[in-house]
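Protein chains in written order, with the numbering used here: chain A, 253 to 550; chain B, 74 to 193. Each residue gets a CB set at the ideal place from its N, CA and C atoms; glycine is no exception. Shown next, in C-alpha cells, is the structure this report addresses.
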Amino acid sequence: MSDKPSATPIQRASEESAAGLLHELVAHLRQNRTQLREEWANRITEAQLLTAMTKEEIFAEATSVYDNYVEALATGTFEALQSYSRNLSERIIPRGVETHEVVGIVLLLRDVLARSLFGKYRGDFTKLNRILDAYEPAANRIANTVAVGFVQERERVIRQQQEAIRELSTPVLQVRERLLILPIIGVIDPHRARQLTEQLLQGIRMNRAKVVVIDITGVAAMDATVANHLVQTVEASRLLGATVIVTGLSPEIAQTIVNIGVDLGKMNTVGDLQGGIEQAERLLGYKVIPMPEQGQTN
Amino acid sequence: MEVPILKQGRFLIATIQAALSDADLQHLRRALVERVVRFRSRGVVVDVTALDVMDSFATRTLLDITHMIRLRGADTVIVGIQPEVAFAMVQLGLTLEGVSTALDLEEGLAHLNQRAQEGA
C-alpha cells in the first residue's frame, strides 16, 4: 500500500489511525474487562433476557462472549466468533432461548461498550467520533455474525426435526382380509402427502385391498393443496379398484374441503374411525355379532 | 400392435400388452364393441397392467368403450392400473368417472360375476 503513489498521505494517515484507534479501543476493553462484563451481565438480567438460564450461567457465557467479541475486534477475523456462536446456539437452543434474546444481548453488549467509550473520550469529541467510526462497523458485523449463527443453527434444528417427523412414517395396516386402515397423525405437508399416497397405493396392491379407511382424526388442519391431494388419493385408489372411506374430519378440514369445492359424491366420509370400520365391514360383507354367551346374559 | 381379445365364458378379456398407438386403440374399440354382441357377452375386462403411461386419448377411449359397451348391453371393468399411473391420471384430471375399476383380472371377473348375479 505504501509504495503506491496514488494513495494520498491523508488517506494513508486515516487508515493507519483507524487501525491504531481500534488497537487503542481493544486495549481499553481488555483493561476494563471485569467491570464491563459485569455491567453487561447485570443489564441482561435487568432486561429479563435469557430467563431460561441461571445468573451464574449468564455470567459464564457473558465472559466467553465478551472475550470472543474483543478478540474479533482486535483481529478483524470472525471465524472464531462464528464457530463460537454456533457452539453457543447449539447449547442454548434446546433450553428454549429465543432469537430476540440472542440479538438482544449482543445489542446490549454493543451498547455497554459504546457507553464506556463515551465515558472515556467525553473530553475529546473529535477523537470520540473517530473511535466510534472504527468501532461501529466492526460491532455491527459482530452482531450480525452472532445473530446469523444463531438463526442458522435454529434452522438446522428445525430441518432435523422435520426429517425425524417424516421418518415416523405412517403405517398402512391390514385389519381384516382386504381392509386397510391408514391412520394419519400430525401435520401433513405436500412432501408427506406424496409419501402417504405412494405408500397407500402400493399397500392397496400388495394387500389386494378392496376398502381403505383413512383416519385423519390426528390432523388438526390442512391447506387447500394437501386437501386436494387427499381427494386425488381417494380417486387414484378407486382406479385401483379400492373404495376409500375418510374418517375423523375436523371442522376446519371440512371447511377447507368445502372451500376447494370437492364433489362430495366422490368422497366417502364417516364421522369417526369406528363408524368407518363398520361401514367398511358392511361393504366387504362382514357382520360382527356378539358371542352367544354374552347374548344370553343380556 | 393388435390387442388380443379372449372369450372366457360369458365374458371377454382384452389384455393390452404394450403401449398402444391411437390407431390401435381405435381398433380395440371397434373390435370390442362388435364382439360383445356377437358373443352375447355379459361383461368385458380390459387389462392395462402392462401400461406405464396412460394419456388423455387412451383414457378417453377407455371411457368411450365403457359407454358404448353399456349401450350394447354389457358391463366393462378396467383392471390393473398401476399405482403410479393412477396418481398421474388423477393429477391430470383423468379420473375415469363412472367406470368400474378393479385391482387385477381376478378381481375384475369377480366384479362382473357379481354384477351379472345382481342383474339376473
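Counting only Cβ pairs nearer than 7 Å, list the residues of chain B close to residue i.
i	result
A/Gly513	Result: empty, since nearest Cβ-Cβ is about 14 Å, beyond 7 Å.
A/Gln454	Pro156
A/Arg457	Pro156, Leu176
A/Arg490	Thr174
Is there a Cβ from chain A that is less than 7 Å from the Cβ of residue i?
i	result
B/Glu191	no
B/Glu107	no
B/Gln90	no
Is there a Cβ from chain B that is less than 7 Å from the Cβ of residue i?
i	result
A/Gly523	no
A/Thr422	no
A/Arg393	no
A/Arg460	yes
A/Thr205	A query on residue 205 of chain A cannot be resolved here, the shown segment of chain A reaching from 253 to 550 and no further.
A/Asn550	For A/Asn550, the predicted structure reports a pLDDT of 48, less than 50, and the residue's modelled location is therefore unreliable. A value from the coordinates is still provided. By this cut-off, A/Asn550 is not an interface position.
Confirm, please, whether the CB-CB distance from residue j to residue i is below 7 Å.
i	j	result
A/Tyr318	A/Arg289	yes
B/Gly181	B/Val106	no
B/Phe84	B/Leu185	yes
A/Ala445	A/Val464	no
A/Ala386	A/Leu273	yes
B/Thr174	A/Leu491	yes
A/Leu425	A/Ile433	yes
A/Glu405	A/Ser341	yes
B/Leu135	B/Ile151	yes
A/Asp467	A/Thr499	yes
A/Thr286	A/Phe330	no
B/Gln90	B/Ala131	no
A/Pro442	A/Thr485	no
A/Val278	A/Leu333	no
A/Ala479	A/Ile440	no
B/Ala147	B/Ser114	yes
A/Gly528	A/Ile505	no
Identify the contact partners of residue i in chain B, using a Cβ-Cβ distance below 8 Å as the criterion.
i	result
A/Thr351	Those within 8 Å of A/Thr351 in chain B number zero; the least Cβ separation is about 39 Å.
Residue i touches chain A at which residues, Cβ-Cβ below 7 Å?
i	result
B/Glu180	Gly493
Counting C-beta neighbours from all protein chains within 10 Å, is the total for residue i 16 or more, i.e. buried, or is it exposed?
i	result
A/Ala259	In this prediction, A/Ala259 has a pLDDT of 46, which is less than 50 and means its spatial position is unreliable; what the coordinates show is noted afterwards. So A/Ala259 counts as exposed.
A/Leu365	buried
A/His481	buried
A/Thr303	exposed
A/Met253	Low confidence applies here, because A/Met253 scores a pLDDT of 42, under 50, leaving its location unreliable; read the following figure in that light. Its Cβ having fewer than 16 others within 10 Å, A/Met253 is exposed.
A/Pro257	The pLDDT assigned to A/Pro257 is 48, lower than 50, so where the model puts this residue is not dependable; a value taken from the coordinates is nonetheless given after this. A/Pro257 is exposed by the Cβ-count criterion.
A/Phe370	exposed
A/Ala293	buried
A/Val540	exposed
A/Arg430	buried
B/Gly153	buried
A/Asp376	exposed
Can you give me, in chain order, the residues of the stretch 160–171 of chain B that have a beta carbon less than 7 Å from any beta carbon in chain A?
Phe160, Met162, Val163, Gln164, Thr168, Leu169
Residues of the stretch 477–488 of chain A with a CB closer than 8 Å to any CB of chain B: list them in chain order, please.
Gln484, Thr485, Glu487, Ala488
Of the residues that make up the stretch 436–454 of chain A, which ones have a beta carbon closer than 8 Å to any beta carbon in chain B?
Thr449, Glu450, Leu453, Gln454
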